[in-house]
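Report on the following structure.
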Amino acid sequence: MSLEKLRRLALKLGSIELILICLGLAMLLTVFGTLAQVDIGTFAAQKKFFNSWWLWSRVADHRLPLAPAGLTVGLLWTLCLAATLAARFKYFLNNRGLLLSHSGLILLLFGQFLTQRLARESQMPISIGQTLN
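Just add 53 to wherever you are in the sequence shown, counting from 1, and you've got my numbering.
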């Protein structure tokens with residue numbers, strides 16, 4: 054792939070429209086994931102809406118992808134921000150605030166991805182007055 058083709062791909066991937074779509078999808082996932090906690094519980098809603106690649110729906114005997122879930126939206130958003138920095142950003146001294154905020158957001162999204170994929174949540178019940186290791 055030539056350098057010009059890569060630049061055109063990065064310009065398309067780094068479009069503000071695509072970034073805003075990712076932001077809107079993230080907000081919708083947050084709303085529906087929060088509302089789903091009432092019916093299916095916190096951990097099940099977290100797994101279904103945020104720790105998976107797709108939201109699935111049952112139609113007859115088939116499982117069909119309904120919408121992108123948290124991991125897909127986060128990955129696409131991260132790629133869009135990285136493409137924006139690579140293709141559109143002008144590296145001048147007076148743009149360091151934009152560079153810092155975009156880089157920080159990319160780091161935040163990447164850290165969240167690692168947490169979702171590698172962390173293990175658990176509980177340790179302790180009764181009142183009881184001590185445990």
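Every residue, glycine too, gets a C-beta built ideally from N, C-alpha and C.
*Range covered by the beta strand (DSSP E) that runs through R111*: As a first step, residue 111 is located in the sequence shown; it is residue number 58 there, counting from the start. Residues 107-112.
*Cutoff 8 angstroms; reference L82; Cβ partners in own chain excluding five residues on either side*: In the sequence shown, counting from the first residue as 1, residue 82 sits at position 29. So the qualifying residues of the chain are F102, F103, A122, G123, V126.
_Contact between the segment 127-146 and the segment 75-89 is defined here as three or more beta-carbon pairs at a separation below 8 angstroms; is this criterion met?_
yes
*Sorted by chain position, which residues of the same chain lie with C-beta nearer than 7 angstroms to L66's C-beta, five sequence neighbours on each side aside?*
In the sequence shown, residue 66 corresponds to position 13, counting from 1. These residues qualify, in order along the chain: L132, C133, A136.
*Do you know offhand how far S68's Cα is from M80's?*
The residue given as residue 68 occupies position 15 in the sequence shown. The residue given as residue 80 occupies position 27 in the sequence shown. If I take the Cα positions, the gap works out to 19 angstroms.
*Inter-residue Cα distance where the pair is F163 and L108*: Your numbering for residue 163 matches position 110 in the sequence shown. Your numbering for residue 108 matches position 55 in the sequence shown. Roughly 21 angstroms separates the two Cα atoms.
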